[in-house]
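Data block below; observations after.
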Amino acid sequence: MCTERGGWVNFVGSSCADYSSRGWCRHGRAINHSGDVFGFPERHCCACGRAAAAAGGGGGTEASRVDQIVFYATHAVSAEDARLWRAQVGELARDAAARTHVWLLLFRGASARVAPPDGAVRRWRASGALVCPWSEADVFAAFPKLPEAIRASRALRRTRRAHQPAYIAQYFWFHAALAVWRRWHGEAYAALRFVWRLEPDVLFAGRVGALIRWSRGTPHDVLLPNIVRENLPSFAHFTRDWERYAGLPVSRRAWSLVCVGRYSLGFLSILERLWARGTIGYEELLLPIACLMAPNCTLAEMGKGLAVGGGVSVGAYRVRYRPYWACEDFLQALRQETNEFWHPVKSRRCVADYIEARRHENTSLVDAPPPSPPPPFPPPPPPPPPPPPPPPMSASELAETRLRHRQDNKRRFVFLSNDYPSSEALNRVHPQAVDPRQWITT
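Here is the structure:
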């Protein structure tokens, strides 16, 4: 007896009834193989073979055995990225212990109810990864309260008034694509524990198999690059959404880059309950705070390291961030296998060329024996002596400095008009503040 999954529809709007009525599936099998690009009707529709479908998903490992998935969240697949992802998929397929699949979370705009051109599909296939095309409409269908939440968001209005790029608005709900994938494909992954989500310009300087094994022994629900806690938050997105965060205990205020993150299925369920309520927020705040406010959710930074000059963190499994990295900068770390994430590496051609050249020489990065561990970092130099204290200001100088600071602050936050709270308001429960209990999802 075959029972179809109710409500299944793929990204071009085709349902199980469409596949049956149009003759695309007959007698329990798909006439034309569809697979991941069109949402695996073979797994969802009785006419297409749901009753007999194995839980296979590609990449050399059956989906039912996979315990981690690496998602790349992207709008398009470039030739360089297809080469890089194909090498990663190949490495995982050769590693019997990996039990990991690579998926593309391919964003196709507000509503993408049309089939992609053949050339685009060929590029998707060239990556070797599984593909989940999705659109804004798919997120809103899964979470009907989100459109109104987006329209009503004061933080989004303030962000637009701050002349931020239009795409910044997507960073209030973009991780919801993970929930869309889970509804469409999660049933096949019975053993899944963790999901990784990376932006395409995040590169890992090492073997992805080593990363997966390290991850398997790290049980935290949320791993993020750099968790910053602030008593009086100065991060712009705190001030733009201060009503949501003003009532939070100081110990629950945190933000982090989310260009790469690893999440448990339990944490995804927390986010899904928030989105179902219509709760949104800038994701560099929403993700860490959602975990901190939830009982039994554990949050940790990736790896261990020491912050050094220029905002760069050094250490295995940490993120090295600065506004721009040249391809050659990352390539040097890849040769040394430093096991660091680098972000952002916008041009990635030299990395794809290097990996392919190594493969052709039969000494590729993924096939070579593990290198000996790198020597430990030398001890840091002693800190410099503190600078001498400045001479005391006269009363007139002090008054002039205070006036200049007040004028600077007025110019800096003019876009918030009268909405901007004083710094003290962020440390007390304000009448307009959101009740902190709205974060509790269990």
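Residues in the sequence shown are numbered from 1 upward in steps of one, following the UniProt record's numbering. Note that the Cβ used here is the ideal one computed from N, Cα and C, for glycine as well.
The DSSP assignment places complete beta strand (DSSP E) segments of no fewer than 3 residues inside the stretch 98–166 at 100–107, 130–134, in order along the chain.
Note that the C-beta distance between Phe107 and Ser135 is below 9 Å. Secondary-structure assignment with DSSP links Tyr263 through a beta bridge to Val195, Val222. Counting only the Cα atoms, Pro288 lies some 8 Å from Val222. Residue Arg123 holds the alpha-carbon nearest to the alpha-carbon of Ala76 among Leu84, Arg123, Ala87, Pro391. When only Cα atoms are considered, Ala205 and Arg26 end up about 47 Å apart. Sequence-distant Cβ neighbours of Leu198 in its own chain, meaning closer than 6 Å and more than five residues away, are Tyr72, Val260. According to the DSSP assignment, Leu299 belongs to the beta strand (DSSP E) that extends over 299–301. Annotation for Trp342: the continuous beta strand (DSSP E) segment containing it runs 341–345. Counting C-beta atoms within 10 angstroms of its own C-beta, Gly7 has fewer than 16 neighbours from the protein chains shown and is therefore classed as exposed. Between Pro200 and Val319, the C-beta gap is not smaller than 9 Å, which leaves the two residues out of contact. The C-beta distance from His101 to Val66 rounds to 5 Å, short enough to meet the 8 Å contact threshold. Short of 6 Å from the beta carbon of Asp81, and not among the five residues preceding or following it, lie these beta carbons of its own chain, in chain order: Pro200. In the three-state reduction of the DSSP assignment, Val319 falls in the strand class, which pools E and B. DSSP, read as helix, strand or coil, puts Glu4 in coil. The Cβ-Cβ distance between Pro323 and Pro344 falls below 9 Å.
Across the set Phe38, Glu337, Asp36, Arg22, the C-alpha of Glu337 shows the shortest separation from the C-alpha of Gly209. Contact check for Cys45 against Glu91 fails: the beta carbons are separated by 9 Å or more. Around the beta carbon of Pro133, 16 or more other beta carbons lie within 10 angstroms, which makes this residue buried. Secondary structure of Trp325 (DSSP, three-state): strand. Around the Cβ of Gly217, a 10 Å sphere holds fewer than 16 other Cβ atoms; the residue is exposed. If you ignore the 5 residues before and after Arg277, its C-beta comes within less than 7 Å of the C-beta of Lys145, all in its own chain and listed in chain order. Annotation for Thr74: Asp81, Leu104, Leu105, Leu106, Phe107, Glu199, Pro200 place their beta carbon closer than 8 Å to its own, counting only its chain and skipping 5 residues before and after. From the listed residues Pro386, Val70, Ala47, Arg213, the smallest Cα separation to Ala96 is found for Arg213.
Uninterrupted beta strand (DSSP E) stretches at least 3 residues long and entirely within the stretch 36–91 occur at 68–74, given in chain order. In the displayed model, Arg229 falls within a strand according to three-state DSSP.
Listed as beta-bridge partners of Arg26 by DSSP are Arg29. Boundaries of the alpha helix (DSSP H) around Met293: 283–293. Between Pro41 and Ser64, the C-beta spacing is not below 9 Å. Take Phe341, set aside five residues on each side of it, and the residues of its chain with a beta-carbon closer than 6 Å to its own are Val202, Phe204, Val260, Val319, in chain order.
Rounded to whole angstroms, the Cβ separation of Cys327 and Arg349 is 7 Å, and the two are in contact under 8 Å.
Between Trp275 and Ala169, the C-beta gap is not smaller than 9 Å, which leaves the two residues out of contact. Note on geometry: alpha-carbon atoms of Arg125 and Val37 lie some 9 Å from one another. DSSP, read as helix, strand or coil, puts Leu398 in helix. When the alpha-carbon of Ile355 is set against those of Leu286, Arg207, Pro165, the nearest one is in Arg207. The stretch 179–186 makes no contact with the stretch 242–260; the number of CB pairs closer than 8 Å stays below 3.
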